[in-house]
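Note sheet for the following structure.
There are 2 protein chains.
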Amino acid sequence: MTRIPFDEMKATIRSAFVKAGMPEHKADICAQIHTESTRDGVASHGLNRVERFVEYLHTGLVDVHASPTLELNLGALEVYNGNMAPGILNAMFAINRATEIAEKNGIGLVSLKNTTHWMRGGTYGWLAAEKGYIGICWTNTESVMPAWGAKSEGIGNNPFVMAVPRKEGHIVLDMAMSQYSYGKLWGTRDKGQKLPYPGGFGHDGKLTDDPGPIAETRRILPMGYWKGSGFAVLLDIISALLAGGNTTAEITKLDKGSCGGCNQIFIAINPLNINTQEFIDHALNETIAQIKSSVPAKENGEVLFPGENSERTRNENMKLGIPVDDKVWAKVKELA
Amino acid sequence: MTRIPFDEMKATIRSAFVKAGMPEHKADICAQIHTESTRDGVASHGLNRVERFVEYLHTGLVDVHASPTLELNLGALEVYNGNMAPGILNAMFAINRATEIAEKNGIGLVSLKNTTHWMRGGTYGWLAAEKGYIGICWTNTESVMPAWGAKSEGIGNNPFVMAVPRKEGHIVLDMAMSQYSYGKLWGTRDKGQKLPYPGGFGHDGKLTDDPGPIAETRRILPMGYWKGSGFAVLLDIISALLAGGNTTAEITKLDKGSCGGCNQIFIAINPLNINTQEFIDHALNETIAQIKSSVPAKENGEVLFPGENSERTRNENMKLGIPVDDKVWAKVKELA
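Going down the list, the sequences are from chains C and D.
The letter at position 321 of the first sequence is residue 321 when you use our numbering, and the numbering goes up by one with no holes.
Adding 336 to a residue's 1-based position in the second sequence gives its number in our numbering.
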């Protein structure tokens, strides 16, 4: 494992995007986000997605010259057509616009239809929090997971994000509706290891923590069994109705690459329009204190709040360099 | 098991509430909701909560004469003080108000602080859907579950609701952040049965499907392990910041009964302000069709959409009468 400094990684990714036809200012922003995700420990949606994104630019699955256009303004809710522009740029526009709407209306909701993969969903939570806003965002996806009670794929894994700004470190949840990603299954399998908890069904139809058979049956487990399955369905159809866009069923038929033609929802609220900073600090820090004062399940264990681990990984990687898969890094350098 | 007709159950509960000092028009609405929840298969938050609610009326933990007062209006977001009034009445007011705000602003958010137990969260999703609105609601609670990595309680189970109106049957998700409720643990234990999937940690610190030890250790499992734990934390603090109210940590210290002094959030959006009815019908029915056409995991199995089972139970119980626990029913009749 090699560690690459942030600036070097960003410059390399940027160059790959420019070479694939992306205007420099857009390539700069996208490279920044891919590098930040990798720095925070989410290489699967950062460095490891560069090759596929470049391919999408070449094949036209992502339209590098497009940008979002307003379809409908209802006051505190605006609907945009993403026009298959780069998912990162569309989503950054949308969360920023949601914060602007929130300043005038208390809450702002921006929905995007016909957009493309936003990479790491947490990005837009962190962005909202950095600006001082509570952010709630989600996306639908193509069909990748069996609904509860089924053994064939029928629902998306529809990542869902909630973020709260906090001076000492934002509190950010970023979760897909599957218990594990395929990346986690493949990586664990390739190391010859078991998952920490069962992650899907094997060939015998039973729950297993062995990632190999799950990757073969494709019967990945919704988080919380029937709960994650139901949540995925609601996130999907609400995104389609708020954006006037494609459901998971339709995205699957469209077959325009990973998340091509999906919807994304961005909600922003400024807690300082409701509370004093003192109230906010007290509420957040009391909650963190209660979590931290829990008795750890393991001796010398530690209880983390959502987002804490990302922040630690970030700090470590900014000091030591960002760890990369050497093959992936070689490929990206080739594209640059 | 006895089956009681809807009208008889409602009249009995209504009488119990009036006897406990509730004005008749309020008792009528609350009895209706408790009966509907029981009819839909959620007796735990319907008939089985009548005794405790009557006790709260007597001890003053719920203020039967209070009603919500406006604290702040930001346009599309309104903050109310629930003034410890009956949770059902506060929540019904709030979801209705959210739909009114949504008509003018595209989206409406009403937050309630200092409110009391709303009983079955799904009630407010169904109400929104009946009016033609998408509803998103959640509540925080006192501490009832260990955070992920902890073995002592530190977070709420914070039920979360999403509802979408559909002519042929609304699509409604109603889930707490714990994999199972204590009611489910106790009931399964008392029948000498095992849970369908592991539901918490036993005395040896290992995951178990045996409900008895879990009820003793109180180490119930967040749905999806770390995911449900993180989601619970975010639902809690966002509810507190949107309502200017108590966090789970504070509700626990207050000790004003189950959910006494909690916050609830109600979001409403009218999908017909964004789409035609034809678009909505197509999106919903295509999604349901995709789920229904999945290969069932079990032979002759069936894949249900969220809310479908409630609707079936409802139809059956309206025909045959609502099944009750005989001891619980005798107690409620005593109170009436």
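Where is the CB? At the ideal position from N, CA and C, for every residue including glycine.
Should the stretch 236-245 of chain C be regarded as contacting the stretch 619-626 of chain D, the criterion being three or more beta carbon pairs within less than 8 Å?
yes
Does the beta carbon of C:G260 sit closer than 8 Å to a beta carbon anywhere in chain D?
no
Between the Cα of D:M511 and the Cα atoms of D:M559, D:N636, D:G566, D:A352, which residue gives the shortest distance?
D:M559
Give a yes or no on whether the C-beta atoms belonging to C:Q264 and C:A91 are separated by under 8 Å.
yes
Give me the Cα-Cα distance between C:H65 and C:E55, rounded to the nearest whole angstrom.
16 Å
How many Å lie between C:K333 and D:N609 at the Cα?
48 Å
Presumed contact (8 Å Cβ cut-off) between D:E414 and D:L425, rounded CB distance
About 17 Å separates the two Cβ atoms, so there is no contact after all.
Report the residues of the stretch 428-446 of chain D with a CB closer than 8 Å to any CB of chain C, ordered along the chain.
K440, N441, G442, I443, L445
Does the Cβ of D:P332 have 16 or more other Cβ atoms within 10 Å, making it buried, or fewer, making it exposed?
With chain D covering 337 to 672 only, the question about residue 332 of chain D has no answer from this structure.
Given this structure, state the Cα-to-Cα distance separating D:F537 from C:G156, to the nearest angstrom.
30 Å
Taking D:D546 as part of the alpha helix (DSSP H), name the residues at either end of that continuous run.
Where D:D546 is concerned, there is no enclosing alpha helix (DSSP H), given that its DSSP letter is neither H nor E.
With burial defined as no fewer than 16 other Cβ atoms inside 10 Å of the residue's Cβ, what is the status of D:Q529: buried or exposed?
exposed
Which residues in chain D sit within 7 Å of C:A147, going by Cβ to Cβ distance?
I627, S630, V639
Short Cβ contact (8 Å threshold) for D:I369 with D:F602:
no
Rounded to a whole number of angstroms, what is the C-alpha to C-alpha distance between C:Y197 and D:K542?
11 Å
Would you kindly check if the distance between the Cβ of D:S380 and the Cβ of C:S152 is under 8 Å?
no
Can at least three beta-carbon pairs, one atom from the stretch 577-589 of chain D and one from the stretch 313-328 of chain C, be found at a separation below 8 Å?
no
D:T374 to D:Y516 span [Cα, whole Å]
18 Å
Under a CB-based cut-off of 8 Å, is D:P642 close to chain C?
yes
Could you tell me which residues DSSP pairs with C:S178 in its beta bridges?
C:P222
If the cut is a Cβ gap below 8 Å, which residues of chain D does C:G154 touch?
Q626, I627, S629, S630, V639
Pull out every residue of the stretch 563-575 of chain D whose Cβ sits closer than 7 Å to any Cβ of chain C, in chain order.
K563, G564, G566, F567, V569, L570, D572, I573, I574
Using a beta-carbon distance cut-off of less than 7 Å, what residues from the stretch 252-281 of chain C approach chain D?
I269, P271, N273, I274, N275, F279, I280
Given that D:E622 touches chain C, what residues does it touch there, using C-beta distances under 8 Å?
T247, A249, E250
Starting from the C-beta of D:G597, find all residues in its chain whose C-beta is less than 6 Å away, skip the five residues before and the five after it, and write them out in chain order.
N450, N582, I587, L590
Residue span of the alpha helix (DSSP H) that contains C:A283, given as start and end
277-292
Starting from D:A499, trace the beta strand (DSSP E) in both directions and tell me its first and last residue.
496-500
What runs of the alpha helix (DSSP H), each 4 residues or longer, lie entirely inside the stretch 35-108 of chain C?
50-59, 87-105
At a cut of 8 Å, does the stretch 13-28 of chain C reach the stretch 337-349 of chain D through at least three beta carbon pairs?
no
Under the three-state reduction of DSSP, which class applies to C:A11: helix, strand or coil?
helix
Per the DSSP calculation, C:K113 is bridged to which residue(s)?
C:N81
Roughly how many angstroms separate the alpha carbons of C:N309 and D:M654, rounded to a whole number?
50 Å
C-beta contact flag for C:D40 and C:T313 at 8 Å
yes
Under the DSSP definition of a beta bridge, which residues are partnered with C:Q264?
C:L112, C:T139
Output the distance between the C-alpha atoms of D:G485 and D:W454, rounded to the nearest integer angstrom.
30 Å
Between C:G125 and C:V161, which are expected to be in contact by the criterion C-beta below 8 Å, what is the C-beta distance as a whole number of angstroms?
4 Å
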